[in-house]
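Novice:
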Amino acid sequence: MSRLKLFYGAALVDEAKLENYEEVLSRVSGDLLIGASEGKDGYGWVDLPEKGHEQIIKVAEALKSFDSLIHIGIGGSALGNKMLFDCLTHPFYNELSREERKGPRFYLLDNSDPHLFLSVLDMVDLSRTGFIVVSKSGTTAETMANFLALWEKLKENKLPNLAQRIVVITDPNRGALRKFANEIGCLTLEVPQNVGGRFSVLSPVGLLSAAVQGVAIEELLHGAKDMKKKLFERNSIDNNPAWILAALSMEHCLAGRNMLVFMPYLSRMNSFTEWFAQLWAESLGKDGKGITPIRAIGAIDQHSQVQLYTSGPNDKLFLILTEEKSKRNVFFPEKLEEDSLNSLSYLLGKDMKSMLNCEAQGTLAALAKSGKPVAWMEMPNLDAYHLGGLIYFFEYLTAITGGLMKVNPFDQPGVEQGKVYTRALLGKEGAETEKKEAESYMRHIRSLASVI
Ligand SMILES: O=P(O)(O)OC[C@H]1O[C@H](O)[C@H](O)[C@@H](O)[C@@H]1O
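Using the working numbering, the first residue of the sequence shown is number -8, and each one after it goes up by one.
Shown next, in the form of structure tokens:
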């Protein structure tokens, strides 16, 4: 069976230095299993692949009869859903054939943007639409704003059986969303209390909308489970690609290369890079430390950012990802009739997938030639099983890299201040001091202006 491969010969760190990380990586990896077994906050993702998903399948059935499905959430309560949708069932990229594709059309309200809200509502028939509302805290302003506006629309339209149109996924006990679900009696699923938002895609948070779309979530979890087994049993640096990548990230960060460019050569992985960016940035960016994720897609960013990558400062580590083979492909003609196209003869008889992978290798070689550290991951085809393994791989990689950096990869204290100021500026009662503070910063920002 083809495996996930990591090639790091041009990653510019010698083997001896990587070996030095083996002992600490073994401890950090072991601590994840211990933390999970003790139910420690933030460690719950470790065992998600083994959790039962029968309830998710059952609840998904209740939503499949709708023409449209609107998922409301933000951050870890939406990025995973978008990633699973784009990678596996998006009509443009759909690995499923038109006949296999079933379930409602999928829409995402993942920002408090009136244009987005109104555009989505223009596209659906509310009477034929189901809703999934997700918030681990049950209080996130953007999610609750979208939900409130939508709930009002449903009541304005005097739609019957409102409780049968909505599924709420939130904390088992806390938050406004849990209280609301109890009050109206809608179907609910739980965000496991010891699973953080950015690590929750393999929980009901990510799996329900995928199941409604027809994704084989048991395959996703099977891939994650097999990857988990390999990652935790590989206890030496030279047979654990995640350990290698964590050590490389740490070594290059210490050398001043504190940015990681993650560049899959697959258009349908653009939202995977968004999901990864939250996972990496929010887990590692603490105590003045962190590694900035830079999202890129090949071959698109060869025509956008690669100039900076090859000829700019040596301040980044590069990780390029390709798919070994694809279920769908496009083949170029064997011969040309038009003389004007003779310059394209190098494409004759080739196929687009091989071309894309040659482009990845061209960029890898150009980066190596420019003396920048670059690693290459080659994954089997991007189906549910292998995507589940990739998700788990990056969750594990992030957690052990946090261990190397001596930060807690499972909290996010740095996001709270902005929320406090937002609520104060919106006039929250008892937040006058915070309102004055936010206004003072805004006055300072406005004190110098240049207008064109
Ligand atoms: O799921 P929720 O509680 O609504 O949180 C949604 C997101 O917002 C928070 O501010 C955190 O930054 C994220 O880690 C989280 O995923």
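Every residue, glycine too, gets a C-beta built ideally from N, C-alpha and C.
(1) Can you name the residues that DSSP bridges to arginine 96?
(2) Pull up the distance between the alpha-carbon of glutamate 273 and that of leucine 107, whole angstroms please.
(3) Using the C-alpha atoms, what's the distance from tryptophan 266 back to methionine 260?
(4) DSSP three-state label for proline 105, please.
(5) Secondary structure at threonine 130, three-state DSSP: helix, strand or coil?
(6) I'd like the list of long-range same chain contacts for lysine 341, defined as Cβ closer than 7 Å, with 5 residues on each side in sequence excluded.
(7) What's the gap between the Cα of isoleucine 65 and the Cα of valine 203?
(8) What are the complete alpha helix (DSSP H) segments, minimum 4 residues, inside the segment 254 to 300?
(9) Using a Cβ-based criterion (distance less than 6 Å to any ligand heavy atom), does glutamine 403 qualify as near ligand 3?
(10) Tell me whether valine 206 sits in a helix, a strand or coil according to DSSP, three-state version.
(11) According to DSSP, simplified to helix, strand and coil, what is leucine 168?
(12) Please report the distance separating the alpha-carbon of valine 206 from that of glycine 214.
(13) In chain order, what residues of the same chain have a beta carbon less than 6 Å from the beta carbon of glycine 71, not counting five sequence neighbours either side?
(14) Return the residue from the list Trp271, Pro284, His377, Ala422 that minimises the CA-CA distance to lysine 316.
(15) Are arginine 156 and phenylalanine 190 close, meaning C-beta to C-beta below 7 Å?
(16) Would you be able to state if there are at least three C-beta pairs under 8 Å between the segment 26 to 46 and the segment 146 to 160?
(17) Checking 7 Å against the spacing of the C-beta atoms, do leucine 212 and proline 40 come in under that value?
(18) Roughly how many angstroms lie between the CA atoms of arginine 319 and threonine 301, to the nearest whole one?
(19) When you compare each of Leu270, Ala237, His62, Ile436 to threonine 120 by their alpha carbons, which one comes out closest?
(20) Whole angstroms is fine: what's the gap from arginine 18's alpha carbon to glutamate 369's?
(21) Got a sec? Which residues, its chain only, sit under 6 Å from methionine 241 by beta carbon, not counting five neighbours each side?
(22) Is methionine 396 helix, strand or coil when you go by DSSP?
(23) Say yes only if the C-beta of arginine 165 is nearer than 6 Å to one or more non-hydrogen atoms of ligand 1, and no if none qualify.
(24) At a threshold of 6 Å, does arginine 189 count as lining ligand 1 (C-beta to nearest heavy atom)?
(25) Going by Cα to Cα distance, which pick from Gly405, Phe385, Asp38 is closest to leucine -3?
(26) Distance check for lysine 144 and lysine 419, CA to CA, integer angstroms please.
(27) Provide the residue span of the alpha helix (DSSP H) that contains valine 19, from first to last.
(28) Out of Asp5, Asp306, Leu168, which has the shortest C-alpha to C-alpha gap to valine 124?
(29) Verify the CB distance criterion: does phenylalanine 83 have a CB-CB separation below 7 Å to chain D?
(30) Does the distance from the CB of methionine 343 to the CB of valine 321 come in under 7 Å?
(31) Please identify the residue among Lys426, Ile311, Gly279 whose C-alpha is closest to the C-alpha of valine 252.
(32) When you measure from the CB of valine 37 to every non-hydrogen atom of ligand 1, does any distance come out below 6 Å?
(33) Classify aspartate 5 as helix, strand or coil using the three-state DSSP reduction.
(34) Identify the continuous beta strand (DSSP E) that holds glutamate 181 and give its terminal residues.
(35) Taking the beta strand (DSSP E) that alanine 366 belongs to, which residues open and close that run?
(36) Note the first and the last residue of the continuous alpha helix (DSSP H) segment covering leucine 424.
Specialist: Here's the rundown:
(1) Ser59
(2) 25 Å
(3) 10 Å
(4) helix
(5) coil
(6) Phe323
(7) 19 Å
(8) 261 to 275
(9) Inclusion of ligand 3 in the displayed structure is not the case, the ligand content consisting of ligand 1 alone.
(10) In this structure, valine 206 counts as coil in the three-state DSSP scheme.
(11) helix
(12) 13 Å
(13) Val192, Gly197, Trp266
(14) His377
(15) In this structure, phenylalanine 190 does not lie closer than 7 Å to arginine 156 by Cβ.
(16) no
(17) Yes; because the gap between Cβ atoms is below 7 Å, this pair is in contact.
(18) Taking the CA atoms as reference points, arginine 319 sits about 32 Å from threonine 301.
(19) His62
(20) 28 Å
(21) Leu395
(22) coil
(23) no
(24) yes
(25) Shortest Cα-Cα distance from leucine -3 to any of Gly405, Phe385, Asp38 involves Phe385.
(26) Near 24 Å, if we compare the C-alpha coordinates of lysine 144 and lysine 419.
(27) Secondary structure note for valine 19: its alpha helix (DSSP H) is the uninterrupted segment 13 to 28.
(28) Leu168
(29) Of the chains in the structure shown, none is chain D; there is only one protein chain.
(30) yes
(31) Ile311
(32) no
(33) Reduced to three states, the DSSP call for aspartate 5 is coil.
(34) 178 to 181
(35) According to the DSSP assignment, alanine 366 belongs to the beta strand (DSSP E) that extends over 365 to 370.
(36) Checking the sequence, you will find threonine at residue 424 rather than leucine. Where threonine 424 is concerned, the enclosing alpha helix (DSSP H) stretches over 423 to 437.
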